[in-house]
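Peer 1: Numbering (my numbering), first residue to last: 537 to 792.
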């Protein structure tokens, strides 16, 4: 893959996303949020790949996958008014369908297109399948890490700016009252991945992100960035201010 391929993909991506502008020419708040999220994921992907010392061609491939990872979100929100996959569509699968329909990867080497489609398709799963090709796994792990790193930022900015009050769909319209639900605590205690269908409160939503800090960030640079940004400490304060269950406190202590 070369710079020309990336520039062509970026142009097609931008033209596609521009369709979701409102009548006034501006992006609605949630579409604007996803555009900004995409830019931040591309930036964090660059940080991870630089720390890993990836060669230029592979870094371009990773940058392209990061750019496209949430392309399915735009039509998902336009159609369903939510980013919650279980209440709408799997946004990764929707993204792959959009990429095919729009010819986003047209002209790209076949192997490179395969890797990008795999990275987009698998970026939101609980884990990568054991039979994934190593070249696709490297890119997919990186995109998954960069995505999580910026999802942390999105939540923090929404809380601190007050945007969450105006756009509760950022956290799937979860009720702000209530602590951590029993199914979430059971999954955390057992070291199991949290089933998103069990998420019923804001604290549950936050604990999903906390669980990512326990083995879900693949690259050392991703873990370093999470520590530097004090991701765990912020979520500990956020949850413990709303939940006094000692089991939750104990879980946070295991991660410190």
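Every residue gets a Cβ at the ideal spot worked out from N, C-alpha and C, and that includes glycine.
None of the values given here were measured: they were computed from a predicted structure.
Smallest Cα separation from residue 571: which of 723, 560, 585, 555?
Peer 2: When only C-alpha atoms are compared, the closest one is 555.
Peer 1: Residue 778 and residue 714: beta carbons closer than 9 Å?
Peer 2: It is a contact, given that the beta carbons lie within the stated cut-off.
Peer 1: Is it the case that the Cβ atoms of residue 625 and residue 606 are separated by a distance below 9 Å?
Peer 2: Contact flag unset, no.
Peer 1: With distances taken between CB atoms, is the gap from residue 600 to residue 671 smaller than 9 Å?
Peer 2: Their beta carbons are not under 9 Å apart, which means residue 600 does not touch residue 671 by this criterion.
Peer 1: Please report the straight-line C-alpha distance between residue 591 and residue 537, rounded to a whole angstrom.
Peer 2: Going from the Cα of residue 591 to the Cα of residue 537 covers about 11 Å.
Peer 1: Specify, as a first and last residue, the run of the alpha helix (DSSP H) that residue 764 falls within.
Peer 2: Counting along the chain, the alpha helix (DSSP H) containing residue 764 begins and ends at 756–764.
Peer 1: What would DSSP say about residue 592, mapped onto helix, strand or coil?
Peer 2: Reduced to three states, the DSSP call for residue 592 is helix.
Peer 1: Quick one, are the C-beta atoms of residue 598 and residue 581 less than 9 Å apart?
Peer 2: It is a contact, given that the beta carbons lie within the stated cut-off.
Peer 1: Give me the Cβ distance between residue 654 and residue 628, rounded to the nearest whole Å; I'm assuming they're in contact under 8 Å.
Peer 2: That belief does not hold up - the Cβ atoms of residue 654 and residue 628 are roughly 10 Å apart, past 8 Å.
Peer 1: Would DSSP call residue 620 helix, strand or coil?
Peer 2: Note: residue 620 maps to coil in three-state DSSP.
Peer 1: Which residue from 758, 549, 692 puts its Cα closest to that of residue 584?
Peer 2: Minimum Cα distance to residue 584 is reached at 758.
Peer 1: Quick one: using the 10 Å Cβ neighbour count with 16 as the cut-off for buried, is residue 646 buried or exposed?
Peer 2: Classification of residue 646: exposed, given that the 10 Å Cβ count is below 16.
Peer 1: Answer yes if the stretch 677–694 comes into contact with the stretch 741–755, meaning at least three C-beta pairs across the two stretches below 8 Å, and no otherwise.
Peer 2: The answer is yes - the stretch 677–694 touches the stretch 741–755, with three or more Cβ pairs under 8 Å.
Peer 1: Answer yes if the stretch 710–726 comes into contact with the stretch 759–774, meaning at least three C-beta pairs across the two stretches below 8 Å, and no otherwise.
Peer 2: Short answer: they don't touch.
Peer 1: Quick one, which of 783, 548, 748, 766 has its alpha-carbon nearest residue 637's?
Peer 2: Ranking the options by Cα distance to residue 637, first place goes to 548.
Peer 1: Mind checking whether residue 706 and residue 791 have CB atoms under 9 Å apart?
Peer 2: Not in contact: residue 706 and residue 791 (Cβ atoms no closer than 9 Å).
Peer 1: Which runs of the beta strand (DSSP E) at least 3 residues long sit entirely within the stretch 713–747? Give them in chain order.
Peer 2: Counting only runs of 3 or more, we get nothing.
Peer 1: So the candidates are 761, 782, 789; which of them puts its Cα closest to the Cα of residue 587?
Peer 2: Per the Cα distances, 761.
Peer 1: So, under 8 Å CB-CB, residue 604 and residue 635 are touching, yes? Tell me the CB distance rounded to an integer number of Å.
Peer 2: Right, the Cβ-Cβ distance comes to about 6 Å (below 8 Å), so this counts as a contact.
Peer 1: Run through DSSP, which three-state label would residue 699 get?
Peer 2: Helix at residue 699.
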